[in-house]
Amino acid sequence: MNIFFRAGELLPNFRIQFIYSALLSVLCFSMFSLSAQTPRRDSGAGGLKAITALKIGDTIPEALWNTPLQVVNHPSGKEQITLNYYRDKKLIILDFWATWCGPCLKSFPKLDSLQADFKDDLAILLVNSRGSRDTPQRIKNVLSKRVNPVQMPSIINDTILIKLFPPQSLTHSVWIRDSKVFGLTLSDKITKNSLAGAIAGMSDSISQNAGATALPEKNQLSSAPSEDNSSYIYRSFLRGYNEQLTRRSIVIQDSSGNVNRIVFTNSPILDFYKLAYYPTLASYGPARTILHVKDPDRLHVPNDLTSAKAWMEQHTFNYLATFPARSNGEAVKLFTADIDRYFGYRVEFAEREIGCWIITTNDPRKITGFPADLPRETNLSDNTGLPLFVQNYPFSSLVGQLERMHEEPFIDETQISKPVSMDLPADLMDMAKLKRSFERQGLRLRKESRKIKVAIITDPKTTN
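Position in the sequence shown (first residue = 1) + 4 = our numbering.
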């Protein structure tokens with residue numbers, strides 16, 4: 005069978021663009037996996053000639069303890085370390101990250117604080133895979149050029165750890181205790197209580213999310229995990245939030261490419277409708293989706309779900325459907341009937357006149373006139389509190405990010421097709437500062453009413 009985890013490929017020909025935070029996690033996993041698929045002679049593997057992924061309870065190979073690992077941001081200025089240096093610690097945590105992973109960057113202050121709290125017993129090492137395509141200098145800048153510089157060292161150009169501990173998403177953490185794999189979790193499970201429990205040797209102190217989500221319907225969704233699911237011909241059910249699961253969509257195909265199972269875990273209602281009304285609804289985003297409903301909070305997804313547990317507990321759901329294998333289209337018809345029965349919202353697409361931010365320019369050369377060999381770079385996701393910039397960057401990508409952040413339509417009328425280089429304010433939500441920044445660089449940003457295509461979601465019809 006084939007299992008698709010990527011939010012961009014729920015089904016072949018069904019490219020669903022989920023809310024940024026969910027998509028980012030899966031994108032990070034996909035890009036990190038590149039390095040795991042490409043052996044390199046210079047990986048420093050030493051005795052690790054045949055690398056097999058480790059699971060919870062496995063002993064860390066002796067060769068790994070002594071494998072040289074390239075590092076930046078080391079407190080003593082070292083450029084190379086081995087894990088053996090930290091072997092005296094009761095607990096080692098390897099935390100995978102990338103400079104373009106927003107949730108990763110947001111977690112650093114918390115991790116730094118926890119490292120300080122448990123400094124005698126704990127070593128947290130950040131791990132940046134070669135597959136992330138981050139350069140050493142960019143990594144150094146992201147870690148050091150912050151309002152509160154990161155104190156933890158980061159392994160860089162990694163091609164070994166990514167193979168031993170292949171992440172299912174970012175953020176992804178490996179817990180090592182007593183020279184064994186003690187846990188595989190998401191980074192949000194690194195808390196003061198979980199660390200204290202792990203240091204004391206209590207394995208139940210951490211939720212093993214990274215391993216638990218591979219096929220969640222087998223362990224977390226079913227009321228009886230040991231039951232024989234093969235006895236069902238047709239089955240679907242909907243349940244509420246489960247803290248042991250992460251937000252995912254999984255579509256399973258048989259060997260012929262036909263779909264026989266659809267799974268959503270801890271998913272907002274809009275995630276379900278994006279598949280049911282593919283491809284149109286998926287392309288609109290919050291800025292171009294109008295909620296004509298009595299309880300809009302139920303459908304309005306917070307920008308950062310990692311810090312919105314109370315909302316998730318009330319408004320995210322777990323869904324499982326199993327059925328005889330059928331084509332993509334027929335599978336989605338079954339799924340849509342379920343979603344209509346469970347939630348009942350109506351979706352239509354129309355043109356409406358609404359307020360939009362219009363971008364124009366009289367002189368695009370101010371932001372497009374730079375050397376062709378200027379490297380593409382940005383710190384838009386760094387969360388440092390410092391001024392932002394884009395360099396040799398697609399203007400359409402910047403406009404799209406502004407639309408996602410403000411949840412209002414941004415319409416580009418500049419006709420700029422070349423990449424741009426721009427300086428931006430630290431707070432992109434401060435519209436006054438953003439306007440002034442645009443004006444200095446030959447752009448104009450103004451609010452006007454425009455008729456644009458939108459998705460309109462309304463409450464279920466009531467019957468007398």
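We put the CB at the ideal spot given by N, CA and C, even for glycine.
- Contact between the region 362-371 and the region 436-454 is present, with at least three C-beta pairs closer than 8 Å.
- If only complete runs of 4 or more residues are kept, the region 275-356 shows the alpha helix (DSSP H) at 284-288, 313-319, 332-346, in order along the chain.
- Closest option to Asp344, judged by alpha-carbon separation, among Ile461, Met206, Ser385: Ile461.
- By the Cβ test, the region 69-76 is not in contact with the region 187-198, since fewer than three Cβ pairs between them sit closer than 8 Å.
- Under the criterion of beta carbons closer than 8 Å, Thr320 and Ser271 qualify as touching, at roughly 6 Å.
- CA-CA distance, Arg444 to Gly261, rounds to 54 Å.
- From the listed residues Asn264, Leu87, Leu402, the smallest Cα separation to Glu381 is found for Leu402.
- The continuous alpha helix (DSSP H) containing Gly404 extends over residues 399-410.
- In the three-state reduction of the DSSP assignment, Arg450 falls in the strand class, which pools E and B.
- DSSP places Arg137 outside both helix and strand once states are collapsed to three, so it counts as coil.
- Counting along the chain, Gly187 sits inside the beta strand (DSSP E) bounded by residues 184-189.
- Taking all protein chains in view, the Cβ of Lys313 is surrounded by fewer than 16 other Cβ atoms within 10 Å, so the residue is classified as exposed.
- Leu73: member of the beta strand (DSSP E) spanning 73-76, first to last residue.
- Counting along the chain, Trp104 sits inside no alpha helix (DSSP H), nor does DSSP assign it H or E at all.
- The shortest CA-to-CA distance from Pro140 to any of Tyr90, Lys93, Gln84 is the one to Gln84.
- In this chain, the alpha helix (DSSP H) harbouring Leu199 covers 196-203.
- Under the DSSP assignment, Ile256 falls outside any alpha helix (DSSP H), being part of the beta strand (DSSP E) whose first and last residues are 252-257.
- The three-state secondary structure of Thr372, taken from DSSP, is helix.
- For Phe268, the beta-bridge partners assigned by DSSP are Ser253, Tyr323.
- About 4 Å separates the Cβ atoms of Ala325 and Ser240, confirming a contact at the 8 Å cut-off.
- Restricting attention to Asn88, Lys422, Phe414, the CA atom closest to the CA of Met435 is found in Phe414.
- Residues Thr103, Asp386 of the same chain have their beta carbon placed closer than 6 Å to that of Val146, with the five preceding and five following residues left out of the count.
- Taking 9 Å as the cut-off, the beta carbon of Lys184 is found closer than this to the beta carbon of Ile64.
- By the beta-carbon neighbour count (other beta carbons within 10 angstroms, threshold 16), Asp431 is exposed.
- In the structure shown, the three-state DSSP call for Gln445 is coil.
- Cβ contact annotation for Val458 (same chain, cutoff 8 Å, sequence separation greater than five): Tyr288, Arg292, Thr293, Ile294, Phe353, Ala354, Glu355, Arg356, Ile358, in chain order.
- Inter-segment contact for the region 125-143 and the region 88-101 is present: three or more beta-carbon pairs are separated by less than 8 Å.
- Leaving aside the five residues that flank Phe347 on each side, the residues in its chain whose CB is nearer than 6 Å to its CB run, in chain order, Ile273.
- Taking C-beta atoms under 8 Å as the contact rule, Ile420 and Pro368 qualify, at a distance of about 5 Å.
- For Asp427, the pairing in a beta bridge is given by DSSP as Phe393.
- Proximity to Leu249 across Lys193, His304, Leu199, Gly446 peaks at Lys193, based on C-alpha coordinates.
- Going by C-alpha positions, Ile266 is about 32 Å away from Lys110.
- Going by beta carbons, Asn332 and Phe268 fall outside the 9 Å limit.
- Secondary structure of Ile55 (DSSP, three-state): coil.
- Cβ contact annotation for Thr284 (same chain, cutoff 6 Å, sequence separation greater than five): Phe353, in chain order.
- Looking at the backbone, the Cα of Pro375 and that of Arg142 are separated by about 20 Å.
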